[in-house]
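Residue 170 in our numbering sits at position 66 of the sequence shown, with consecutive numbering throughout.
We treat Cβ as the ideally placed atom computed from N, Cα and C, and that holds for glycine.
Notes for the one structure printed next.
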Amino acid sequence: VIPCNWLQHYENLVDPFHVVVLHGTFSGTQFVDAMKTMPEVSWEAVETGVRTTSLSRLEDGRTLRRISEAQLPTLRVIPNPRLAGLGQRVESIGWVLPMDDTSFRIYTAGRVTEPGQLAKQRSRLNGKLWEELTPEEHQRFPGDYEAQVSQGPIAAHSEEHLGSTDKGVLLLRRLLGRQLAKMANGEDPAGVSFDPDAPPVRFAAGNWVQPSS
Numbered sequence: 105v106i107p108c109n110w111l112q113h114y115e116n117l118v119d120p121f122h123v124v125v126l127h128g129t130f131s132g133t134q135f136v137d138a139m140k141t142m143p144e145v146s147w148e149a150v151e152t153g154v155r156t157t158s159l160s161r162l163e164d165g166r167t168l169r170r171i172s173e174a175q176l177p178t179l180r181v182i183p184n185p186r187l188a189g190l191g192q193r194v195e196s197i198g199w200v201l202p203m204d205d206t207s208f209r210i211y212t213a214g215r216v217t218e219p220g221q222l223a224k225q226r227s228r229l230n231g232k233l234w235e236e237l238t239p240e241e242h243q244r245f246p247g248d249y250e251a252q253v254s255q256g257p258i259a260a261h262s263e264e265h266l267g268s269t270d271k272g273v274l275l276l277r278r279l280l281g282r283q284l285a286k287m288a289n290g291e292d293p294a295g296v297s298f299d300p301d302a303p304p305v306r307f308a309a310g311n312w313v314q315p316s317s
């Protein structure tokens, strides 16, 4: 159970720059070297979420095209940060489940080729899982947990200084605001369906490599 408001994690999904700053620079390489390159980013508000497209130039001249999505009601659709399954759509989906105003959990389901594959993808520092790190190691090598929980139980938007890199956050907040207005009017928010014959929901998220131009 994560001891802060669920939006502090959910909004993080549309901030690809934190991958470079936090996971690729500030705390060393927590994923792979390709994730240390500052990307060119564009955001798109779709009917049920916000889609982020990041383009990163690799050392061999090719371009990594990475698409991630924050989808309603609470879905995190983030491609593998270690670039496993390169060239195909996202292999796992997470549900960010609020427990109350100041805590949440994440549940993940994924497509695997062997038992326990999702657990093997968890980040390790010097061979240790997050919960095995000492307090000093948490302080020296922070990750998402430290960044999000350190904002307090409920982050105060009045203390923010948003910039051009926060466009995805603003799009997501506006989308959620529209859903609250719908519910206030007695309508169903986006991402809700009561049709048992509705087709499966498909996402665009994934990692692809484009040849050099």
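Over the uninterrupted alpha helix (DSSP H) stretch that includes residue i, give me the two end residues.
i: ASP204; result: Premise fails: ASP204 lies in the beta strand (DSSP E), 196-204, not in any alpha helix (DSSP H).
i: ARG244; result: 239-244
i: ALA149; result: Per DSSP, ALA149 belongs to no alpha helix (DSSP H); it is in the beta strand (DSSP E), 144-150.
i: ARG277; result: 271-288
i: VAL253; result: 248-253
If you run the structure through DSSP and keep just helix, strand and coil, what is residue i?
i: ASN116; result: helix
i: GLU218; result: coil
i: PHE307; result: coil
i: TRP312; result: strand
i: VAL168; result: Inspection of the sequence shows that residue 168 is occupied by Leu rather than by Val. In the structure shown, LEU168 sits in a strand (DSSP, three-state: E or B).
i: ALA223; result: helix
i: PHE208; result: strand
i: LEU233; result: coil
i: GLU264; result: coil
Determine the contact status of residue i and residue j, defining contact as a CB-CB distance below 7 Å.
i: VAL118; j: VAL154; result: yes
i: ASN289; j: ARG170; result: no
i: GLN175; j: THR152; result: yes
At which residues does the beta strand (DSSP E) containing residue i begin and terminate?
i: VAL123; result: Where VAL123 is concerned, there is no enclosing beta strand (DSSP E), given that its DSSP letter is neither H nor E.
i: VAL105; result: Taken as a continuous stretch (DSSP letters only), VAL105 belongs to no beta strand (DSSP E), as it is neither H nor E.
i: VAL136; result: Segment: none, VAL136 is in no beta strand (DSSP E) and carries neither H nor E.
i: SER160; result: 153-161
i: ARG180; result: 179-181
So the candidates are the options; which of them puts its Cα closest to the Cα of residue i?
i: ARG209; options: TRP110, ALA309, PRO315; result: TRP110
i: LYS271; options: PHE121, GLN112, PRO107, CYS108; result: PHE121
i: ALA251; options: GLY281, TYR114, LEU126; result: LEU126
i: ARG244; options: VAL253, ILE258, GLY256, LEU229; result: LEU229
i: PRO315; options: ARG193, THR167, THR141, GLU115; result: THR167
i: THR178; options: ALA308, SER196, LEU201; result: LEU201
i: GLU186; options: ARG193, VAL136, GLU173; result: Reading off the sequence shown, one finds Arg at residue 186, where the question assumed Glu. Measuring from the Cα of ARG186, the nearest candidate turns out to be VAL136.
Just to confirm my understanding: we take residue i, look at its own chain, exclude 5 residues before and 5 after, and list those with CB closer than 7 Å. What are they?
i: GLY165; result: SER316
Identify, in the order they occur along the chain, each residue of the same chain with its Cβ nearer than 6 Å to the Cβ of residue i, setting aside the five sequence neighbours on each side.
i: LYS318; result: The chain is shown only over 105 to 317; residue 318 falls outside these bounds and no answer can be derived.
i: THR212; result: SER196, GLY198
i: SER207; result: VAL105, PRO107
What does a CB cutoff of less than 8 Å around residue i pick up in its chain, not counting 5 residues either side in sequence?
i: LEU266; result: VAL273, LEU274
i: GLY247; result: LEU126, HIS127, SER131, GLN134, SER227, TRP234
i: ARG215; result: GLU195, SER196
i: SER146; result: THR156, THR157
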